[in-house]
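> Those letters in the sequence shown? Residues 1 to 605, by UniProt numbering.
Please find one structure pasted underneath; my questions will follow.
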Amino acid sequence: MDPRGGKAGTAGRGGVRALWPYAREHRRLLGAAVVLSTAAAGLSLAQPVLVGRIISAVGDGAPLGGLVWALVGFLTVGAVFGTIQYYLLQRTAESVVLTARTELIGHLLQLPMSEYRSRHVGDLVSRVASDTTLLRAALTDCLVEPLGGILVLVGALTAMVLLDPVLAGVAVLVVAIVVAASLHVTRRLRALTFETQSRLGDLTGDLNQTLTAISVIRANGATERARARLGDRVRAAFDAGVRAARSGAAIQPLRQTTGHAALLVILGVGGYRVATGHLTVAELVTFILFMLLFMDPVNTAFTAVQSLAAALGALQRITDIQQIPAEDATDTITHRQLSPSASSAPIIQFRDVRFGYRPNHLVLDSVSFTVARGSRTAIVGLSGAGKSTLLALVERFYDLDGGRIELAGVDITSLPRTVLRSQLGYVEQNAPAISGTVRENLILAAPEVTDEQCWSALDTVNLRHRIDTEAKGLNALIGEHGIRLSGGERQRLAIARALLARPPLLLLDEPTSSLDSRNEEIFQRALEATGADQTVVIVAHRLATVKNADQIIVLDHGRVRAVGTHNELLGTSELYRELAHHQLIGTPNKIRANQQPAPASEPRW
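Right under this line is the structure:
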């Protein structure tokens with residue numbers, strides 16, 4: 001089932017019915033718009049009759065006052081109804097877009113982490129910003145306008161047949177021929193719209209990535225290559241848009257041709273019918289007015305078909321995302337609150353864990369180890385050994401291919417992710433920051449903390465003085481992705497955020513990679529002060545960060561090669577001795593060949 005209660009896979013293929021779930025909650029406003037549309041249609045149908053009577057009255061010399069005032073009244077009331085209907089339709093359409101965007105954003109934030117690895121973020125943003133916009137026109141053109149149009153169509157056609165069946169048949173024949181031609185033209189429009197939106201999504205995704213890495217691109221002299229690549233994306237979007245415009249443009253001449261052809265034929269045939277005495281001039285004028293009314297819903301149908309084709313192409317892209325199960329779709333539904341500190345079991349235990357980001361490509365293979373409560377555990381190894389993946393699996397960003405991970409003796413897959421993550425603090429390797437203020441970044445995991453606690457956390461990581469220099473203090477904006485802060489400052493901000501939340505288990509992925517020696521020492525003191533009630537698992541490359549750990553896990557090519565303290569491993573693990581000797585992580589070949597790296601001011605694994 002999709003998020004809106006429809007069957008998965010049907011959206012985008014059910015015509016107007018596919019749009020109804022989005023409009024259902026606004027059915028009262030839509031109902032009012034339908035009533036006004038129906039009333040306006042009735043008033044429109046009365047106007048040709050009044051005009052015919054006015055012409056007859058002029059010919060007979062009868063007074064016109066009442067008829068003229070009635071016509072003016074019908075026109076005025078119809079205009080008022082039309083204005084109100086237009087407002088209701090536009091308001092409803094905006095509300096539908098609001099609902100669609102809100103629900104899509106909510107679902108995007110709950111996608112499995114694997115989806116973010118395989119998709120352009122810009123493309124996901126495009127679905128929220130661009131694709132949902134196309135629903136607006138479809139709602140107004142395809143749900144309400146046609147309802148009033150049907151009444152006008154039936155009423156006008158009935159009046160035309162009553163006035164002159166022969167002339168009515170001629171008019172219907174001309175319209176039918178043009179409508180049949182238009183159906184052939186619109187068949188490809190939906191597919192072309194889908195392609196156009198997809199190309200725009202590719203462009204948005206590539207542009208987002210390029211701007212995010214603009215400093216890297218410029219530093220490597222790749223600006224022109226980036227320009228060329230984005231130019232190709234722009235050209236692809238342009239070509240798709242032109243193909244869609246070509247099909248859509250064909251509808252407009254057909255739409256105009258329908259009205260012009262029908263009017264010319266009716267004038268010719270109708271003039272002949274008047275000349276032969278089958279029609280009066282008043283009846284011909286009345287017939288023409290009814291025919292013009294008849295053409296309005298036909299023209300509306302052309303617009304509706306075009307809007308519907310575009311909307312369904314966009315709706316398919318929206319539905320493609322909504323049909324992806326949310327990350328927590330398989331979570332156990334429970335109100336159980338895990339309390340690791342109250343259990344005697346190890347806080348973390350890996351049991352024969354196997355995992356790969358791609359099928360048949362294991363990153364971790366048969367990994368088993370235990371983390372004691374209140375301990376400091378360091379994970380070391382060559383780049384690509386799977387260290388960061390271990391922490392991501394504890395967070396359940398990904399599900400295992402085999403084995404199990406236990407938190408305080410409980411299989412983490414049996415816990416809702418919200419319960420699991422409430423026990424964890426996580427500092428990522430690149431320490432991302434959210435756009436906003438310093439305070440908003442600090443209270444992300446603990447919104448109830450006070451300003452005093454925020455300042456204390458900043459003081460702990462030696463960041464208080466830096467924030468003090470900002471006129472707005474905790475309310476200072478740090479820019480998109482924290483661009484106003486240095487890499488080390490962003491890392492210290494992330495550490496402060498994790499320490500502020502005080503989770504029972506703290507997962508740190510290279511938390512000192514951007515810190516200088518002084519700030520690393522301050523971090524070490526802060527880590528030592530966390531207390532016995534907090535367990536720390538840290539992925540680190542620097543010797544100073546790991547040598548005092550209670551336990552060091554040596555990981556190599558996705559397997560645990562050794563476990564022990566610094567002194568123990570120096571005597572039992574050849575790989576650990578090599579890493580410790582070099583104090584710098586290099587390529588596996590360099591370490592295996594015992595090649596001495598260049599001296600470094602900041603010793604690293």
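Quick reminder that beta carbons are idealized off the backbone N, C-alpha and C, glycines included.
Being a predicted model, the structure only gives us computed values, none of them experimental.
#1: What residues in its chain sit with their C-beta under 8 Å from that of residue 432, if we drop five residues either side in the sequence?
#2: Which residues share a DSSP beta bridge with residue 350?
#3: Does the beta-carbon distance from residue 401 to residue 354 come in below 8 Å?
#4: Which class does residue 427 belong to by DSSP, given the choice of helix, strand or coil?
#5: Just reading off the alpha helix (DSSP H) that residue 128 is part of, what are its end residues?
#6: In the DSSP assignment, find the unbroken alpha helix (DSSP H) run with residue 612 in it and report its ends.
#7: So, is residue 227 buried or exposed, given that buried needs 16 or more other C-beta atoms within 10 angstroms?
#8: Can you confirm whether residue 560, when its beta carbon is compared against all beta carbons of chain D, has any partner nearer than 8 Å?
#9: Where DSSP assigns a beta bridge to residue 554, which residues make up the other side?
#10: Which residues mark the beginning and the end of the beta strand (DSSP E) in which residue 535 is found?
#11: What are the boundary residues of the beta strand (DSSP E) that includes residue 507?
#12: How close, in whole Å, do the beta carbons of residue 391 and residue 426 come, if the pair is a contact with beta carbons under 8 Å?
#13: Is the beta carbon of residue 535 sitting closer than 8 Å to the one on residue 347?
#14: Tell me which same chain residues have a C-beta within less than 8 Å of the C-beta of residue 362, skipping the five on either side of it?
#15: For residue 371, count the other beta carbons within 10 Å of its own beta carbon; 16 or more makes it buried, fewer makes it exposed. Which is it?
#16: Name the DSSP bridge partner or partners of residue 358?
#17: Mind checking which residues open and close the alpha helix (DSSP H) that includes residue 420?
#18: What number of angstroms, rounded off, separates the C-alpha of residue 20 from the C-alpha of residue 37?
#19: For the alpha helix (DSSP H) that residue 520 lies in, which residues bound it at each end?
#20: How about residue 75 and residue 54: are their beta carbons less than 8 Å apart?
#21: Assess, as a yes-or-no matter, whether the region 272–281 is touched by the region 163–174 under the definition of 3 or more beta carbon pairs within less than 8 Å.
#22: Taking just the CA atoms, how far does residue 469 sit from residue 575?
#23: Closest to residue 485 by C-alpha separation, out of 550, 299 and 441, would be which residue?
#24: In whole angstroms, what separates the C-alpha of residue 446 from that of residue 454?
#25: Assuming residue 287 and residue 163 make a contact with CB atoms under 8 Å, what is their CB distance in whole Å?
#26: Pick helix, strand or coil for residue 477, following the three-state DSSP scheme.
#27: Report all residues from its chain with a CB closer than 7 Å to the CB of residue 527; omit the five preceding and five following residues, and keep chain order.
#28: Tell me, to the nearest whole angstrom, how far the beta carbon of residue 297 is from that of residue 124; I am working on the premise that it is less than 8 Å.
#29: How long is the line joining the alpha carbons of residue 266 and residue 175, rounded to whole angstroms?
#30: Sort 198, 417, 329 and 133 by Cα distance to residue 311 and report the nearest one.
#31: Can you tell me whether residue 307 is buried or exposed, with buried defined as 16 or more other CB within 10 angstroms of its CB?
#32: Reducing DSSP to helix, strand and coil, say where residue 164 ends up.
#33: Could you tell me which of 451, 420 and 260 sits nearest to residue 472, measuring between CA atoms?
#34: Specify, as a first and last residue, the run of the alpha helix (DSSP H) that residue 22 falls within.
#35: Identify the residues that DSSP records as bridge partners of residue 606: which are they?
#36: According to DSSP, which residues form a beta bridge with residue 410?
In brief:
#1: The residue given as residue 432 occupies position 432 in the sequence shown. Contacts found: 481, 482, 490 and 494.
#2: Locating residue 350 in the sequence shown gives position 350, counting from the first residue. Answer is 369 and 405.
#3: In the sequence shown, the residue the question calls residue 401 occupies position 401. In the sequence shown, the residue the question calls residue 354 occupies position 354. Contact flag set, yes.
#4: Indexing the sequence shown from 1 puts residue 427 at position 427. Strand, per DSSP.
#5: Indexing the sequence shown from 1 puts residue 128 at position 128. Its alpha helix (DSSP H) spans residues 121–129.
#6: Residue 612 is absent from the model: the chain starts at 1 and stops at 605.
#7: As a position in the sequence shown, residue 227 is number 227, starting the count at 1. Residue 227 comes out exposed.
#8: Looking for chain D here will not work: only one protein chain is present.
#9: Your numbering for residue 554 matches position 554 in the sequence shown. 380 and 562.
#10: Here the question's residue 535 lines up with position 535 in the sequence shown. Residue 535 -> beta strand (DSSP E) spans 535–539.
#11: Translated into positions along the sequence shown, residue 507 becomes position 507. 505–509 is the span of the beta strand (DSSP E), which, as asked, contains residue 507.
#12: Here residue 391 refers to the residue found at position 391 of the sequence shown. Here residue 426 refers to the residue found at position 426 of the sequence shown. Indeed, because the Cβ distance is near 7 Å, the residues count as touching under 8 Å.
#13: Your numbering for residue 535 matches position 535 in the sequence shown. Your numbering for residue 347 matches position 347 in the sequence shown. Against a cut-off of 8 Å, the Cβ pair of residue 347 and residue 535 comes out as a contact.
#14: The residue given as residue 362 occupies position 362 in the sequence shown. Only 354, 355, 356, 401 and 558 meet the Cβ criterion.
#15: Indexing the sequence shown from 1 puts residue 371 at position 371. The residue is buried, with at least 16 neighbouring Cβ atoms inside 10 Å.
#16: For the purposes of this step, residue 358 is taken as residue 358 along the sequence shown, with counting starting at 1. Answer is 361.
#17: Walking along the sequence shown from the start, residue 420 turns up at place 420. Looking at the DSSP string, the run of the alpha helix (DSSP H) that includes residue 420 is 417–421.
#18: Residue 20 sits at position 20 when you count from the first residue of the sequence shown. Residue 37 sits at position 37 when you count from the first residue of the sequence shown. Rounded to whole angstroms, residue 20 to residue 37 spans 19 Å at the Cα level.
#19: Residue numbering aside, residue 520 sits at position 520 when the sequence shown is read from its first letter. Run containing residue 520: 517–528, per the alpha helix (DSSP H) assignment.
#20: Counting from one through the sequence shown, the residue named residue 75 turns up at place 75. Counting from one through the sequence shown, the residue named residue 54 turns up at place 54. No, the Cβ-Cβ distance between residue 75 and residue 54 is not below 8 Å.
#21: yes
#22: Counted from its first residue, the sequence shown places residue 575 at position 575. Counted from its first residue, the sequence shown places residue 469 at position 469. The alpha-carbon atoms of residue 575 and residue 469 are separated by roughly 46 Å.
#23: The residue you call residue 485 lines up with position 485 of the sequence shown. Comparing Cα positions, the closest option is 441.
#24: Working through the sequence shown from its first residue, we reach residue 446 at position 446. Working through the sequence shown from its first residue, we reach residue 454 at position 454. Going from the Cα of residue 446 to the Cα of residue 454 covers about 10 Å.
#25: As a position in the sequence shown, residue 287 is number 287, starting the count at 1. As a position in the sequence shown, residue 163 is number 163, starting the count at 1. Right, the Cβ-Cβ distance comes to about 5 Å (below 8 Å), so this counts as a contact.
#26: Along the sequence shown, one-based indexing puts residue 477 at 477. In this structure, residue 477 counts as strand in the three-state DSSP scheme.
#27: The count along the sequence shown starts at 1 and reaches residue 527 at position 527. The residues are 536.
#28: Working through the sequence shown from its first residue, we reach residue 297 at position 297. Working through the sequence shown from its first residue, we reach residue 124 at position 124. In fact, because the Cβ distance is near 38 Å, the residues do not count as touching under 8 Å.
#29: On the sequence shown, position 266 is the one that residue 266 refers to. On the sequence shown, position 175 is the one that residue 175 refers to. About 12 Å.
#30: Here the question's residue 311 lines up with position 311 in the sequence shown. Per the Cα distances, 133.
#31: Position 307 of the sequence shown holds residue 307. Burial call: buried.
#32: Reading the sequence shown from its first residue, position 164 is the one you call residue 164. Coil at residue 164, not helix or strand.
#33: Along the sequence shown, read from residue 1 onward, the residue named residue 472 stands at position 472. Nearest C-alpha to residue 472: 451.
#34: Taking the first residue of the sequence shown as 1, we reach residue 22 at position 22. Start and end: 20–23.
#35: Residue coverage of the chain in this structure runs from 1 to 605, which leaves residue 606 outside it and unanswerable.
#36: Here residue 410 refers to the residue found at position 410 when the sequence shown is read from its first residue. Partner(s): 407.
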